[in-house]
Each structure stands twice: as C-alpha cells, then as structure tokens.
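See below for the structure under consideration.
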Amino acid sequence: MTTIQVYGSGCKNCATTAERILEVANELSLNVDLEKVTDLQKIMAAGVLTTPALAIEGQIKHSGSVPSVDLVRELLSKNAVA
Amino acid sequence: MEIFTWLADRLSYSVFGLTPGTRVANGLHFFIEDTSKILVLLVLLIYVISYLRASLSVDKVRNYLLGKHRALGYLLGSTFGAITPFCSCSSIPLFMGFVSARIPIGVTIAFLITSPLVNEVVVIMLGSILGLKFTLMYVAIGMLLGMLAGVMMDMLKAQRWLQPFLAEAYQQAVNSNIQIADDTPAPSVTHKDRHYFAVNETKTILSRIWKWVIIGVGLGAAIHGFVPAQWFEQNLANGQWWTVPLATLSAIPIYTNASGVVPIMASLINKGMPIGSTLAFCMGAVAVSIPEFIMLKQVMQIRFLGAIAGYLLVAISITGWLFNYYY
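This is the structure in structure tokens:
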C-alpha cells in the first residue's frame, strides 16, 4: 500500500491531479491510499509553496502544476511500496 | 494586425451581409476584430511567456528574497508578483510559505498586491487595445501601488493581524536563525518540459479567461456602437472629484480579471470618459475582489483585510485624481 497526498486548497487543478494519480495507479495495478489535503496549516507544515503538490510516502515529489501522466507514471513506479 | 480587420470585414459585410456604417455593423465589426485579435495574441504570448518562465520556481524566488535589504525587498517582491502567474487559489499557500520563511510581511504584501494587478494577461490586453505607452504607465503604477502597500503594512506592523497560527509561525521564523534548507537540487528543464509546461499554462489560463474576453469585448462593442458620446459627456465626463472613489468602490463587487475590464475601459476612454476615473475603475475591479478576500480571510484577520482594502481605495483614488488632473 502506497500512501499519497495531494496538497491544494481545493481548486480544479488539485482535483485533476488526484484523478490522474488514481488512473495511473489503476493502470499499474498499484494499491494506493490517496488523501487530499486541503487544510491550510497542514499544507504549510508540509512546506508546500505552490499547489497542487504531490507527496508519495510523505515526501514531496512534485509541486506547482498538474503533473503529466508520464511524470505520474514515473513517480509511481519508482516510489511505490508493495 | 490587418488580418483581423480583414476577417471582421469579411464576416460582418459578406457573411452576415450588414451594411457598413450602421450601428449593428460597427458593433459587430468591432467585436469580431477585437475578440479574434486578443484571443490569438493571448494564445501566442502566454505560450511564449510560460515557456520562458518554466524554470522559475517559487522556491528559488523565496530563497532569493531572503535576507535582502528591505527597500530592495519591496521592489523584488513586487517584480516577482508581476512575473509570476496570478491564480488566487495558488496565492494562499504561497503567502503562507513566504510568511513562515522569515520574509518581512511588507515584502510579501508587495508581492500579493502586485500579482493580480500586473500580469501577462493585463499587459497583453492593454498593449493590444490601448497601446504601449499606456501599458508601461499602467505597469509602473501597479508595481508602485504594490510596493507602497508593503511599506504601509510594515509601518502598521500588520503581522499582528495575521491569523494566530500564521502569526506564530512568523514569530518563530523571525526568532530562529535556521536557514531554509535548500536541499532540492534544481531540476534541469529540457525543451520538452518547457513545452509541456507552456501548453498546460496556456490551456489553464485561456480556459479561465476566454469568457471574460468575450463578455468584456461584447460590452465594449455595445458601448462603442450604441451608447452616444453625448451621454457620456453629459453624465460621466465632468470629472467631479467624487466620481473617482465612486468608480473604485463600484468596481469592487465586480468579480473579474483584466481580460473582462480592459476592453470596457478602452471603449469608455474612447467615448470621452476621463482617463483617471476609468483607470480607477479598472484597478478597483482587478485588485480587490470579494472571493479573493474571502480566501485571504483564512490567513488574515478582518483588520488586516480592512487595512488592505482601505489602502487600495485611497491609493487607487489618488492615482485616478492625478490622472484626471494631469493627463
């Protein structure tokens, strides 16, 4: 089970990012636990400056834009935990 | 730019078969020429600007702003506000990130105020409709308003009015001497990355503003074609002093961005509305919006928001008066 967080104040880009992650996880048949973090204090505590940001296993991997499908695929296959 | 005139000629006179010179024909011609021109320019220029901007990360900006002299800080904060994108939903995390990183509150405010006032969309719209001179002037004023806002908020010690969790983070950051860890190596940005980023930005920005462009140019065309110039002369063109703050105030509830306001502004100026009052209306609509303030309420107390709104009202009014008087 891989834990993933999507940080963002609830804008459209954040929703798109979350959907994209689920799609790719599905395609790679990965088991993911996806959490959308919208709480401002939590976003600040994670050190996220630009949203949407994406963290895998607690580490920020991408921030500031909707990641491309290729990037999501790369990040997930590299960092996924069985 | 002649191609757009040609397109508008073809469509209004040949396709729709209108007689040149009638009101409807004038209005439609104006609408087609301006929307096609503006949309094409926006697509091209936003792509180019985003392509160049792809390697500018906010982390870099933040680290660069740290430890700069205060006066230089205002200028830099405002400059970064002008060149970074303007989505208000991304401005909140950015604001928190700046505040919790020991950047003086005034520098952050300079960034926050300039960001919606000056950005590539305003510049493209103003440049294509009102010309280079007006655009440069607008950019200079927008940045000046942002910098003065920063100076003012520092003088008021506005950090007192942050929401408690953030005020605490600010205090801690000021007291500690820990350097922000800059351990993320700058990723190399390839042509492909830049292209992807730029296409994405262009899509995001365009999908957000295209309807405002159409509404704005539509209203502009209606004013252009149907409202007689005498009406403006009799009602709005006298430039009494109170028309300026009234223009600013009445613009606040209008939730739009520059793409909607600039075409209307251009038509008003063409009809003889004083340039200062028009500028005040435009800046009021762009700089202060209720949804933006509701978002900022999450990080600022009412007093802070009040101070910003009050400052903007006064500063924009003064700008308007000066322009009505001297221009």
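Residue numbers (the working numbering), protein chains in the order written: chain W, 11 to 92; chain L, 5 to 331. Even glycine gets a Cβ: it sits at the ideal position worked out from N, Cα and C.
DSSP places L/LYS301 outside both helix and strand once states are collapsed to three, so it counts as coil. When W/MET11, W/ASP43, W/ALA25, W/ASN36 are compared, the shortest CA-CA separation from W/VAL76 is found for W/ALA25. When rounded, the separation of the alpha-carbon atoms in L/LEU49 and W/PRO62 is 24 angstroms.
Around the beta carbon of W/LEU38, a 10 Å sphere encloses fewer than 16 other beta carbons of the protein chains shown; the residue is thus reported as exposed. Taking a cut-off of 8 angstroms for Cβ pairs, the stretch 226 to 235 of chain L and the stretch 270 to 282 of chain L touch, as three or more such pairs fall below it. Straight-line spacing of the CA atoms in L/GLU37 and L/GLY276 works out to 22 angstroms. Within the stretch 47 to 90 of chain W, the beta strand (DSSP E) runs of at least 3 residues that lie entirely inside it are, in chain order, 63 to 66, 69 to 73. The beta-bridge partner set that DSSP reports for L/ASP197 is empty. Restricting attention to alpha helix (DSSP H) runs no shorter than 4 residues, the stretch 268 to 327 of chain L encloses them at 279 to 291, 294 to 300, ordered along the chain. Beta bridge pairing from DSSP links W/LEU44 with W/ILE14.
In this structure, W/ARG83 sits away from W/VAL16, with a CB-CB distance that is not shorter than 7 angstroms.
The beta-bridge partner set that DSSP reports for L/LEU166 consists of L/MET304. Look at L/GLY101: its C-beta is under 7 angstroms from a C-beta on chain W.
Under the Cβ distance rule, W/ILE66 does not count among the residues neighbouring chain L, no pair being separated by less than 7 angstroms. Distance between L/VAL19 and L/ILE42, taken at the CA atoms: about 21 angstroms. In the structure shown, L/ALA105 falls within a coil segment according to DSSP collapsed to helix, strand and coil. In chain order, SER75 make up the part of chain W whose C-beta sits under 7 angstroms from the C-beta of L/PHE201. Excluding sequence positions up to five before and after L/GLN163, its CB lies within less than 7 angstroms of the CB of ILE109, ALA171, TYR174, all in the same chain and listed in chain order. Contact of L/SER104 with chain W is assigned, a C-beta pair being separated by under 7 angstroms. The residue among W/ALA65, W/LYS88, W/ALA90 with its C-alpha nearest the C-alpha of W/ALA28 is W/ALA65. Under the 10 Å beta carbon count, W/ASN23 is surrounded by 16 or more other beta carbons and is classified as buried. Contact between L/LEU98 and L/VAL62 holds: CB atoms are separated by about 6 angstroms, below the 8 angstroms threshold. For L/GLY154, the enclosing alpha helix (DSSP H) starts and ends at 136 to 159. Counting other Cβ atoms within 10 Å of its Cβ, L/HIS33 reaches 16 or more and is therefore classed as buried. W/VAL82 has a beta carbon lying at 7 angstroms or more from every beta carbon in chain L.
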